[in-house]
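In the numbering used here, the protein residues as written are 23 to 133. We treat Cβ as the ideally placed atom computed from N, Cα and C, and that holds for glycine. These numbers were taken from a predicted model, which means no experiment stands behind them.
Laid out in structure tokens, this is it:
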């Protein structure tokens with residue numbers, strides 16, 4: 023599957039389903055203002071389309087989604103553990119892509 027084949031809306035719905043199936047239990051602190059599903063969806067859509075953090079926030083806002091500021095999004099996205107990120111990517115591959123691999127996903131630590 024090419025990176026441009028998935029819409030932000032479809033990725034967000036998949037992320038919401040993933041977080042319902044596999045909830046992340048927070049041990050402490052106040053509940054986050056923005057859902058983990060939104061953060062995961064924005065991070066994946068950003069990676070697939072090679073957008074900047076500012077661009078992905080603007081895209082979400084254009085679609086009427088209450089999105090975090092780019093600095094908040096960056097903070098939350100970088101706090102997702104590698105294990106959780108891999109679990110989400112595997113789930114997306116199995117459920118959203120019906121087992122087809124994501125061809126253009128590249129992990130870059132230079133965020």
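Take residue 67, set aside five residues on each side of it, and the residues of its chain with a beta-carbon closer than 7 Å to its own are 30, 33 and 78, in chain order. In the pairwise beta carbon analysis, the segment 54-66 is classified as touching the segment 100-110: at least three pairs are separated by under 8 Å. In the three-state reduction of the DSSP assignment, residue 56 falls in the coil class. By the neighbour-count criterion, in which a residue is buried when 16 or more other Cβ atoms sit within 10 angstroms of its Cβ, residue 58 is buried. Residue 44 is not a Cβ neighbour of residue 98, given a cutoff of 8 Å.
Straight-line measurement puts the Cα of residue 91 at about 31 Å from the Cα of residue 116. Annotated as proximal: residue 106 and residue 46, with beta-carbon spacing under 8 Å. Sequence-distant Cβ neighbours of residue 36 in its own chain, meaning closer than 7 Å and more than five residues away, are 114, 117 and 118.
A residue is called buried once 16 or more other Cβ atoms fall within 10 Å of its Cβ, and residue 103, having fewer, is exposed. In this structure, 96 is the residue among 49, 85 and 96 with its C-alpha nearest to the C-alpha of residue 74.
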